[in-house]
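K.L.:
Once you've had a glance at the structure underneath, I'll fire off some questions.
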Amino acid sequence: MSRFLSILLVTSLLLSGCVGEAEDELEFNGTEFGDPALAPDFTLTDQHGDALTLSDLEGRVIVIAFVYTNCPDICIAISANMAWLQANLGEYEERVVFISITIDPARDTVEHLAEWTASLAYDWPHLTSEDSDVLIEVYENWRIYVDDEHLNGSATDEHAHNASDEDADEEYEVGHSTITFILDKQLRKRVAYTGTTWDMDGFVEDLQKLVDE
238 MSRFLSILLV
248 TSLLLSGCVG
258 EAEDELEFNG
268 TEFGDPALAP
278 DFTLTDQHGD
288 ALTLSDLEGR
298 VIVIAFVYTN
308 CPDICIAISA
318 NMAWLQANLG
328 EYEERVVFIS
338 ITIDPARDTV
348 EHLAEWTASL
358 AYDWPHLTSE
368 DSDVLIEVYE
378 NWRIYVDDEH
388 LNGSATDEHA
398 HNASDEDADE
408 EYEVGHSTIT
418 FILDKQLRKR
428 VAYTGTTWDM
438 DGFVEDLQKL
448 VDE
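This is the structure we're talking about:
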């Protein structure tokens with residue numbers, strides 16, 4: 238499912254404009270958005286209980302991934318990739334912001350995200366909301382697929398109640414898009430990486446180009 242969704246995304250990106258014709262003729266290693274559009278704004282809550290609004294980060298390059306903590310495979314790799322990138326940006330580190338947004342709000346509460354990120358020493362914002370409808374709107378605005386059964390379950394009080402500490406650490410699969418976005422300093426979608434097998438050095442190079450742009 239994820240591979241199929243990734244192929245669809247790449248196809249849609251290519252159809253949205255000509256690859257390699259971005260401003261100032263920058264060439265990227267990831268899949269370039271041919272017609273960069275302003276990323277949809279949002280305000281969500283990080284693992285420390287603090288509100289984060291995307292538009293407040295204008296002026297920095299932003300990496301955004303949609304993941305969940307109990308994922309058995311893909312999300313683990315995406316998060317590990319992001320940690321590696323953050324550790325290997327050198328002088329560019331302060332100019333790049335990494336953000337992870339949960340696709341499992343019923344289990345990925347602020348408290349759980351705080352414990353999970355601390356255990357892995359992940360210090361970038363991991364965002365959630367107590368109101369799952371707020372996150373569902375984010376997924377829709379960003380065109381992130383999350384399977385309907387999971388979304389409908391997360392939106393019910395009963396499901397949130399059942400997502401207790403007893404099953405919070407159990408791995409399970411949620412069908413969702415595996416797209417990681419890079420936004421430029423004007424908060425426009427510029428580059429996308431799909432799946433988990435990224436050209437890590439190429440990703441760093443893309444971030445550096447956008448910082449220097």
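Each step along the sequence shown adds one to the number in the numbering used here, with nothing skipped, and position 159 is 396.
All residues carry an ideal CB built from backbone N, CA and C; glycine is no exception.
Only a predicted model underlies this, so the values are computations on that prediction, with no experimental measurement involved.
Can you give the Cα-Cα distance for Ile313 and Gly327, rounded to whole angstroms?
P.N.:
Looking at the two C-alpha atoms, the distance is approximately 23 Å.
K.L.:
What does a CB cutoff of less than 6 Å around Glu450 pick up in its chain, not counting 5 residues either side in sequence?
P.N.:
Same-chain partners within the cutoff: there are none.
K.L.:
Express the C-alpha separation of Glu352 and Ala317 in angstroms, rounding to a whole number.
P.N.:
Answer to the nearest angstrom: the Cα atoms are 17 Å apart.
K.L.:
Near Leu294, which residues of its chain fall below 8 Å by C-beta distance, leaving aside the five closest residues on each side in sequence?
P.N.:
Closer than 8 Å at Cβ, skipping near neighbours: Val334, Leu424.
K.L.:
For Val448, which residues from the same chain have a beta carbon less than 7 Å from its beta carbon, with the 5 sequence-adjacent residues on both sides left out?
P.N.:
Cβ within range, chain order: Val298, Tyr329, Arg332, Val333.
K.L.:
Quick one: what's Lys446 bridged to in DSSP?
P.N.:
Paired residues: none, contrary to the question.
K.L.:
Taking its Cβ as the centre, do 16 or more other Cβ atoms sit within 10 Å of Glu269, making it buried, or is it exposed?
P.N.:
Flag for Glu269 reads buried.
K.L.:
Determine the direct distance from the alpha carbon of Leu357 to that of Asp384, and round the result to whole angstroms.
P.N.:
Each residue's alpha carbon lies about 27 Å from the other.
K.L.:
Are Leu281 and Ile338 touching if we call contact CB-CB under 8 Å?
P.N.:
Cβ distance < 8 Å, so Leu281 and Ile338 count as in contact.
K.L.:
To the nearest angstrom, report how far apart Val371 and Gly296 are at their CA atoms.
P.N.:
Their backbone Cα atoms lie some 25 Å apart in a straight line.
K.L.:
Taking the alpha-carbon positions, what's the Ala288 to Thr365 distance?
P.N.:
Looking at the two C-alpha atoms, the distance is approximately 10 Å.
K.L.:
Using a Cβ-Cβ distance under 8 Å, would Asp449 count as near chain C?
P.N.:
The chain labelled as chain C is not found in the depicted structure, where only one protein chain is given.
K.L.:
In chain order, what residues of the same chain lie with their CB nearer than 8 Å to the CB of Lys446, ignoring the 5 residues before and after it?
P.N.:
Closer than 8 Å at the Cβ level, and outside the excluded window around Lys446, lie Leu263, Phe265.
K.L.:
What are the residues that DSSP puts in a beta bridge with Tyr430?
P.N.:
Thr417.
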